[in-house]
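Take a look at the structure below.
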Amino acid sequence: MNLSIRQMRAFLHVARIGNFTRAAEQAHMTQAGLSTLVREMERQLGCRLFDRTTRMVVLTAAGRRLLPVVERVVTDLDDVTAHLGIEGDEARQTLRVAATPLVSSHLLPQVIHGFRESHPTVSVKLFDADLRDVEAMVTAGEADMGLGFFFKAAPGLERTPVGRFHLMRVAPAEAQQAPATTGSVPWASLRAAPLLGLPQSNPIQKVIDQHLATIGRADAQRPAFNFFGTLISMVEAGFGTAVMPTFALAACRRHRVRTDVLMKPKVGMDFYRITRRGTHETEAMQAFAATLVKALPALSR
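Per numbering that gives the first Met the number 0, residue 0 is the first one in the sequence shown, and the count goes up by one each step.
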């Protein structure tokens, strides 16, 4: 037995109205089509559901027994589909983005502002978290996308580059210098500088240490801080010089520091968007990604 929803709806129309012609009109189908659905249902069940006369159509005992069950099934299905439809509409109108603290505080506000101007009906929810939590939120479906420097693709996640930043030197600004001016210097300029950094386990710091090693400055004992914001403030206070990606430029401009892109070599780092593998990308997700790709170059120089 494989009763279809169309058959059950046809049965309900006839049971409620008691007339095949008017039931077919209400169901927006031909009388022949409605009659066929009812006959197929009766054949599958092995019993008559209606007694038909020239004047009226009435339920048989089997039909009366079946009626409340079919009503409950169809009503429950309609309720669920209506609820899912509302959830789907809300999901299409809400975009949940997870990103690391510095990205959340200094890059995304401008990006979200531009996105809301072009997509005023979409609500953007921003979650600031460390890199591991960003991955975990996307994996669990708590965020639609995550943003950050993801050097490896985690199981179950899709990784797409949306921007590219370069490593720069952040040093205390001298009295005669304007703060946060950006130039370029070679890696060799760091040979004599007191250095600050991120923890050695940080994947960005691992890349930085590879290049510091070429000038003899790989040092596991240097002061380390977990967040770029803290690192920038320590540089401003005169505790040392740091190396970080140019995505921190917006944050640096709020402090009295000097920023210079490191050259010889110029080291680029891809900035990624991660999404859960197999998840349908909504129009809002695609539009936000396009806005991000367009905005990031201006925020990295």
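Positions of the beta carbon are idealized from the N, C-alpha and C atoms, including for glycine.
A quick note: this is a predicted structure, and the numbers were derived from the prediction, not measured.
- Are the stretch 216-228 and the stretch 273-286 touching by the rule of at least three beta carbon pairs closer than 8 Å? no
- Which residue's Cα is closest to the Cα of G237: V260, A172, C46? A172
- Message: DSSP three-state label for A241, please.
- Response: The answer is strand: DSSP assigns A241 an E or B state.
- To the nearest angstrom, how far is it from the Cα of Q209 to the Cα of S122? 41 Å
- Message: Below 8 Å on the Cβ atoms is my contact criterion, and I expect R216 with L189 to pass it. Report the Cβ-Cβ distance as a whole number of Å.
- Response: 6 Å
- Item | Burial state of R257 (16 or more Cβ within 10 Å) | Classification for R257: buried.
- Answer with buried or exposed for V96, where buried requires no fewer than 16 other C-beta atoms within 10 angstroms of its C-beta. buried
- Message: Please report whether the beta-carbon of Q43 lies at a distance below 8 Å from any beta-carbon of chain B.
- Response: You won't find chain B in this structure, because it holds only one protein chain.
- Message: Among the candidates A170, L194, I214, whose CA atom is the shortest distance from the CA of R255?
- Response: A170
- Message: Could you tell me the alpha carbon to alpha carbon distance between D127 and S103, rounded to whole angstroms?
- Response: 6 Å
- Selected residue, minimal CA-CA separation from V69, among L48, N201, P119: L48
- Nearest to A288 by alpha carbon, out of E134, E39, F246, G113? G113
- Task: Hey, could you find the ends of the alpha helix (DSSP H) S34 is sitting in?
- Result: 30-44
- According to the neighbour-count rule (16 or more other Cβ atoms, all chains shown, within 10 Å of its Cβ), is V57 buried or exposed? exposed
- What residue range is occupied by the uninterrupted beta strand (DSSP E) comprising I357? Outside the shown range of the chain (0 to 300) lies residue 357, about which nothing can therefore be said.
- Have a look at L101 and V79 and give me their C-alpha separation to the nearest angstrom. 41 Å
- Query: Which first and last residues belong to the beta strand (DSSP E) in which L125 is found?
  - Reply: 122-127
- Query: In terms of residue numbering, what span does the beta strand (DSSP E) encompassing G267 cover?
  - Reply: Per DSSP, the unbroken beta strand (DSSP E) holding G267 starts and ends at 267-275.
- Message: Tell me the residue span of the beta strand (DSSP E) that contains M144.
- Response: 144-147
- Query: Nearest-angstrom Cα distance between H146 and V133?
  - Reply: The sequence shown places Leu at residue 146, not His. Those two C-alpha atoms are separated by around 8 Å.
- Item | Cut-off 6 Å between Cβ atoms - residues of its own chain near I301, not counting five sequence neighbours on either side | Residue 301 falls outside the range modelled here, since the chain spans only 0 to 300, and no answer is possible.
- Query: Any idea if R168 is buried or exposed, counting beta-carbon neighbours within 10 angstroms, 16 or more meaning buried?
  - Reply: buried
- By Cβ distance, which residues of its chain are closer than 7 Å to A14, with the 5 residues on each side in sequence left out? L58, G62, L66
- With H165 as the anchor, note down where its beta strand (DSSP E) starts and where it stops. 156-171
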